[in-house]
Amino acid sequence: AARIDRLDGQPAFEAAIALLTLHELTAIRAMERMRADFVANASHELRTPLAALSGFIETLQGPARDDEEAREKFLGIMAEQSGRMSRLVADLLSLSRIELDEHSAPSEAVDLARLATSAAEALRPLASPRGMDLEVTLADGLPPVTGQSDQLAQLLQNLMENAVKYGNDGTTVEVSVTLAGDLPAGAGAALRAGPVVKLAVKDHGEGIAAEHLPRLTERFYRVDTARSRKMGGTGLGLAIVKHIVSHHRGLLAIDSRPGEGSTFTVWLPAAPA
Ligand code: ADP
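For the sequence shown, full-length UniProt numbering assigns the number 197 to the initial residue and increments by one for each residue that follows.
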């Protein structure tokens, strides 16, 4: 290890440097890079609606000042853009809150079935106008899961909202909460330790091509950016889901058939009896 002496001749950084291997330094660099990319992406995402807002404000102060019709139209667009900024800020805050929570293990006994039922109720106003239905199937005598209920409510909302957004008009989103039988490969120690609750959210929509699946839970990754924006998406929903699942020591699987639809499955450890 290199040795850097202070002016008084005492080694200052020797211990710290000796403790970092090249491999660890590379990992730290990669994390710094990811963080910088994230800040750049987030700023860019915020700048777009902000630029639209300032543009319309200028127009309303100048050329469109006395044009009633233009004013109505522009105010509508401005409301949409500020809504987009609010959703983005809310999602960014959720992500950072989950990251801050990462060191405290979830410990409440959470009734996932009840949360799934209320998430479905909350999404009906989004689904009904498109002739869509949400069908929730719950197994009898389900144990609660060990979790943090606000996070699990958000996980359900994000997955079910995506299923509605990307599902075809007139189709049904099928949500089920059951006791898991066989666990998939990749299930960690927390899942192998006892009973496991399985949540599945299945839609009948356009599906996702295989090449996108590995990157789907990355922040701001979208298959079709224009479509996501039009549906009010922030590109952070699945990144939030992935964080919540790993905070709960669970597992997430995405199974999709282009042209038919997608199923998002989450396995979570049940709370001890
Ligand atoms: P967004 O806010 O764009 O929906 P998400 O992180 O929730 O962001 O999802 C990332 C991308 O994954 C979406 O933009 C969309 O392309 C794709 N996606 C997510 N859920 C589904 C689904 N149920 N069916 C098809 N595509 C989906």
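All C-beta atoms in this analysis are idealised placements derived from N, C-alpha and C, irrespective of residue type, glycine included.
Cβ-Cβ distances below 6 Å link Glu456 to Gly403 in the same chain, with the five nearest sequence neighbours on each side left out; the list follows chain order. At a Cβ-Cβ threshold of 8 Å, Gly363 and Val369 count as neighbours. DSSP places Ile436 in the uninterrupted alpha helix (DSSP H) bounded by Gly433 to His443. For Gly390, the secondary structure class from DSSP, reduced to helix, strand or coil, is coil. Fewer than three beta-carbon pairs drawn from the stretch 302-313 and the stretch 261-278 are found closer than 8 Å, and the two stretches are therefore not classed as touching. One thing to note: Ala466 has its Cβ within 8 Å of the Cβ of Val393.
Scanning the stretch 246-314 from its first residue to its last, the whole beta strand (DSSP E) runs of 3-plus residues come out as 304-306.
When DSSP states are grouped into helix, strand and coil, Thr244 belongs to the helix group.
Annotated as distal: Leu447 and Val437, with beta-carbon spacing of 8 Å or more. Inter-segment contact for the stretch 383-398 and the stretch 318-331 is absent: fewer than three beta-carbon pairs are separated by less than 8 Å. With contacts defined by Cβ atoms closer than 8 Å, Leu395 and Val373 form a contacting pair. Separation of Leu409 and Met281 (C-alpha to C-alpha, rounded to the nearest whole angstrom) is 27 Å. The C-beta of Glu295 has fewer than 16 other C-beta atoms within 10 Å across all chains shown, which makes the residue exposed. Judged by the Cβ position, Asn237 fails to qualify as a neighbour of the ligand ADP at the 7 Å threshold, every heavy atom of the ligand being at least this far.
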